[in-house]
Every structure is written in C-alpha cells, then in structure tokens.
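A.B. asks: Numbering (the UniProt record's numbering), first residue to last: 1 to 383. Encoded as structure tokens, here's the structure I'll be asking about.
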Ligand SMILES: Cc1ncc(COP(=O)(O)O)c(C=O)c1O
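Take a look at the structure:
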C-alpha cells in the first residue's frame with residue numbers, strides 16, 4: 001500500500017546523522033553532566049558542544065540557551081518564568097493571540113487563574129494579528145507578550161518583530177513560540193527585539209522530548225522547575241544528553257541546508273496544490289491562511305462537501321498521513337481554535353485538513369495524494 005507521510009508539522013523523522021549522534025552519546029557509558037569525575041565531565045562536554053553549536057546557529061551566547069524537555073516546556077517556562085518575575089515589579093498583564101498553540105494559550109489561561117490579566121489579540125481571516133491591536137493592548141502594566149512566529153495549523157507568519165519592538169519600548173518581556181518556524185528562518189538574536197524564544201528538536205528531524213529556550217541576557221526570569229542548578233539554575237533536572245547531542249546535529253544540518261529545504265518543501269507543496277486544482281477543479285477546495293506570508297511546509301486546505309474526519313480516515317486507509325489540526329487536538333472532534341479565530345465559515349472549518357511536508361517527500365507523492373483525494377471525493381459523492 002501507499003505510505004505517504006504529510007504530517008511533518010506534528011513531528012518529523014529523525015535524520016540518520018541525528019540517530020547516529022544519539023546512539024553515540026547513549027552508548028558512551030554513564031556520566032551525569034553534573035558529576036565532577038571524568039565520566040561526568042565527558043557527558044558535560046557533549047552538552048557544552050551542543051549548546052555552542054546552537055548558539056552559533058542562532059547568533060546568541062551559549063549561556064543564553066536553556067535545554068528543556070519539549071517545545072511545550074519551553075513555552076511554559078518562558079511564560080511562567082517571565083510573568084512571575086515581572087509581577088515582582090508590579091506588572092500583571094499578559095498579551096497573546098487567539099491563534100497560538102495550546103502550549104501557549106493554556107499556559108496563559110493558567111496564569112489568568114493565578115491573577116494575571118489576560119488579553120487575547122484577534123486574528124484576521126488570514127490568521128494574522130495586527131501590530132496596531134498589539135500596540136493598543138500593551139502598556140506599562142504588561143508583564144509578557146507572547147506571539148508565535150509561524151502558525152502550526154496554517155503556516156501564517158506573524159509580525160512578531162514589530163510587536164516585539166512595541167513590547168520592548170513599554171518594558172514588557174517579548175516571547176516568541178518559534179517551534180514551527182525554527183529551521184525555516186535565520187535569526188540574529190543579538191539584534192532581534194525578542195527576549196524569549198521556544199523551539200523543539202523533533203520538528204527539525206531531531207529527537208522527540210528535547211526543547212530549547214532562548215533567554216536573552218538580563219531578561220526577568222524565574223525557573224518553572226525547582227531542584228538542582230542545571231542550566232544555570234533555569235531548568236532543574238539531569239539533561240537529556242543523547243537527545244541534546246542529536247538535536248545539535250539535526251539543527252546543524254537544518255541550518256546548513258536551509259535554502260535547499262525551503263525550496264524542496266515549497267516545490268512539494270506547490271505541486272500538491274496544482275495537482276488538486278487539476279484533479280478537483282479550483283472551486284472544490286480553498287487554501288487557508290495567508291497566501292504569501294506563510295511557512296513553506298504547511299498547506300491547510302478546506303475541501304467543500306467533505307468533513308475533515310471522513311477525509312482523514314479515508315486518506316489513512318489509502319496510506320496517506322495528514323492531520324486535522326494541531327497534533328494535540330487531533331483525535332478529538334473539536335473544531336480548530338485557529339480556524340475558528342480566523343472567522344472562517346463553519347463548513348470551511350469542518351472540512352479543513354493540514355498537509356505538512358518535509359525531508360523525504362516528493363512531487364510524485366504530492367500528485368498521488370491529490371489523485372487519492374479526487375477518488376475519495378468521487379466515492380463520497382456517490383454514496
Ligand atoms: C507552534 C507550536 N508550539 C508548541 C508546540 C509544542 O512542542 P512539543 O511537541 O515539542 O511539546 C508545537 C507542536 O506541535 C507547535 O507546533
């Protein structure tokens with residue numbers, strides 16, 4: 001049977017170089033990076049080398065990087081870390097957007113329960129939030145502003161630099177969830193008006209269960225986890241040494257091949273959309289999200305007359321893996337909070353499927369998937 005993986009926004013396959021780096025570190029014998037003996041020092045040197053690599057790729061200081069256990073943990077650490085530290089200065093406002101991943105939205109709702117004042121910025125029908133709305137919401141009492149770089153469901157990019165500048169001017173800490181944009185954008189963190197950035201290894205062909213949080217020097221920050229003094233007392237817990245080594249390897253390759261990667265996924269995505277047009281006709285589907293300001297690896301498409309669940313089930317039976325929204329909500333029948341926030345019609349929300357492309361995908365797979373969708377569509381119309 002066909003086996004096509006178009007769900008790279010949920011997670012990506014580990015590349016062989018990352019698997020090799022993982023196996024090498026995991027097989028190297030014991031060694032807690034906090035131990036002072038030779039075994040511990042060998043382990044620590046792996047973590048140090050990985051941190052140096054990531055700092056070079058991101059244009060920041062190694063000491064500004066904190067390894068975590070996931071993108072979700074990076075988001076929570078950023079939000080709670082900065083909000084609690086800012087509250088000590090009398091700042092109690094949180095500003096975020098309606099299209100954030102649940103790792104941010106639910107953390108913000110939790111902060112609201114703890115007494116913070118939450119403002120959720122609306123998105124337009126392309127999924128963009130406006131810097132003007134952000135400017136009206138951010139004031140001298142704002143503790144943290146959290147705006148994602150690129151959306152995990154639609155790929156729409158946000159004006160986070162512009163909003164970051166406003167946040168900075170008003171003394172608020174600026175956080176960016178860059179879990180989906182990581183590996184598709186080059187940053188120089190020294191000059192970017194952002195204080196905290198969350199990323200995750202498994203979205204760039206690295207291992208699951210490893211995240212990274214950039215904490216700009218001088219940013220008010222309280223650790224979320226309490227325990228040892230690992231990661232300069234910003235994230236307690238023994239480091240995932242093999243995962244961190246593999247993450248650095250995957251990131252190195254992702255950044256080295258970034259232009260080629262972007263060209264590749266864009267080509268697969270465009271072939272897919274062209275093939276859909278040829279197979280179904282242009283009135284049968286609609287691409288959701290911003291048409292230009294978007295990440296290249298995500299295509300969120302509504303298919304008129306079909307429900308997401310039915311289409312996803314039939315695609316799965318035909319060997320094609322796609323998704324109905326973010327991975328965390330797939331499996332539940334809740335309509336996507338992102339598409340709902342974009343004010344799309346009920347039909348468009350309920351017929352949306354996310355296809356996300358990456359390493360190993362081909363144009364042929366894209367064309368084949370479009371043909372499979374046309375067959376499913378014809379079959380559903382008859383029955
Ligand atoms: C935008 C965004 N933020 C956060 C996360 C959570 O990352 P993790 O799966 O590493 O916890 C995801 C994962 O899908 C994401 O897409």
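Cβ coordinates follow ideal geometry from the N, Cα and C atoms, glycine included.
1. On the DSSP bridge list, what partners appear for residue 294?
2. For residue 126 versus residue 96, is the C-beta spacing smaller than 9 Å?
3. For residue 222, which of helix, strand or coil comes out of DSSP?
4. What residue from 218, 216, 217 and 237 has the CA that sits closest to residue 226's CA?
5. Secondary structure at residue 185, three-state DSSP: helix, strand or coil?
6. I'd like to check one pair, residue 279 with residue 366: are the Cβ atoms closer than 9 Å?
7. What are the start and end residues of each continuous beta strand (DSSP E) run of 3 or more residues lying completely inside the region 86-119, in chain order?
8. Measure the CB-CB distance between residue 359 and residue 252 and report whether it falls below 9 Å.
9. Expressed to the nearest angstrom, what Euclidean distance is found between the alpha-carbon atoms of residue 109 and residue 317?
10. Where the beta carbon is closer than 5 Å to any heavy atom of ligand 1, which residues qualify, in chain order?
11. Got a sec? Which residues, its chain only, sit under 7 Å from residue 388 by beta carbon, not counting five neighbours each side?
12. Could you pull out every unbroken beta strand (DSSP E) segment of at least 3 residues lying fully inside the region 254-325, listed in chain order?
13. Is there contact between the region 274-288 and the region 104-122, where contact requires at least three CB pairs shorter than 8 Å?
14. If we count Cβ pairs, one from each stretch, closer than 8 Å, do we get three or more for the region 336-352 versus the region 25-36?
15. Do residue 210 and residue 161 have their beta-carbon atoms positioned less than 9 Å apart in this structure?
16. Within the continuous beta strand (DSSP E) that includes residue 435, where are the two ends?
17. Which of helix, strand or coil does DSSP assign to residue 413?
18. Cutting at 7 Å between CB atoms, please list the residues of its own chain near residue 262, excluding the five before and the five after it.
19. Quick one: give me the first and last residue of the alpha helix (DSSP H) that residue 49 is part of.
20. I'd like the span of the beta strand (DSSP E) that includes residue 352, first residue to last.
21. With DSSP as the reference, label residue 375 as helix, strand or coil.
22. At least one CB of chain B closer than 9 Å to the CB of residue 30: is that the case?
23. So residue 142 is in the beta strand (DSSP E); what residue range does that whole segment cover?
24. Output the distance between the C-alpha atoms of residue 5 and residue 323, rounded to the nearest integer angstrom.
25. Check whether the region 130-148 touches the region 46-60, taking contact to mean three or more Cβ pairs, one atom from each stretch, closer than 8 Å.
26. Nearest CA to the CA of residue 265: which residue from 294, 76, 68 and 313?
27. At which residues does the alpha helix (DSSP H) containing residue 337 begin and terminate?
28. Would you please state the rounded distance, in angstroms, between the beta carbons of residue 352 and residue 302? I believe it to be under 8 Å.
29. Using a 10 Å radius around the Cβ and a threshold of 16 neighbouring Cβ atoms, would you call residue 57 buried or exposed?
30. Measuring alpha carbon to alpha carbon, tell me which of 165, 151 and 114 ends up nearest residue 132.
31. Should residue 169 be counted as a contact of ligand 3 given a C-beta to heavy atom distance under 8 Å?
32. Starting from residue 175, follow its DSSP beta bridges and name the residues at the other end.
33. Using only alpha-carbon positions, find the residue among 27, 231, 134 and 74 that is nearest to residue 102.
34. As a quick exercise: from 134, 100, 12 and 93, pick the residue whose alpha carbon is nearest that of residue 111.
35. Please say whether residue 18 and residue 178 have beta carbons closer to each other than 9 Å?
C.D. replies: Reading off the structure:
1. 156
2. no
3. coil
4. 237
5. strand
6. no
7. 93-97
8. no
9. 38 Å
10. 70, 71, 72, 101, 103, 152, 177, 179, 180 and 200
11. The structure shown does not extend to residue 388, since the chain is modelled only from 1 to 383, so the question has no answer here.
12. 285-288 and 298-303
13. no
14. no
15. no
16. Any answer about residue 435 is impossible in this case: the structure gives the chain only from 1 up to 383.
17. What is shown of the chain runs 1 to 383, which leaves residue 413 out entirely.
18. 184 and 296
19. 38-58
20. 352-356
21. helix
22. No chain B appears in this structure, which consists of one protein chain only.
23. 142-146
24. 10 Å
25. no
26. 294
27. 337-341
28. 5 Å
29. buried
30. 165
31. Ligand 3 is not among the ligands present in this structure, which contains only ligand 1.
32. 146 and 196
33. 74
34. 93
35. no
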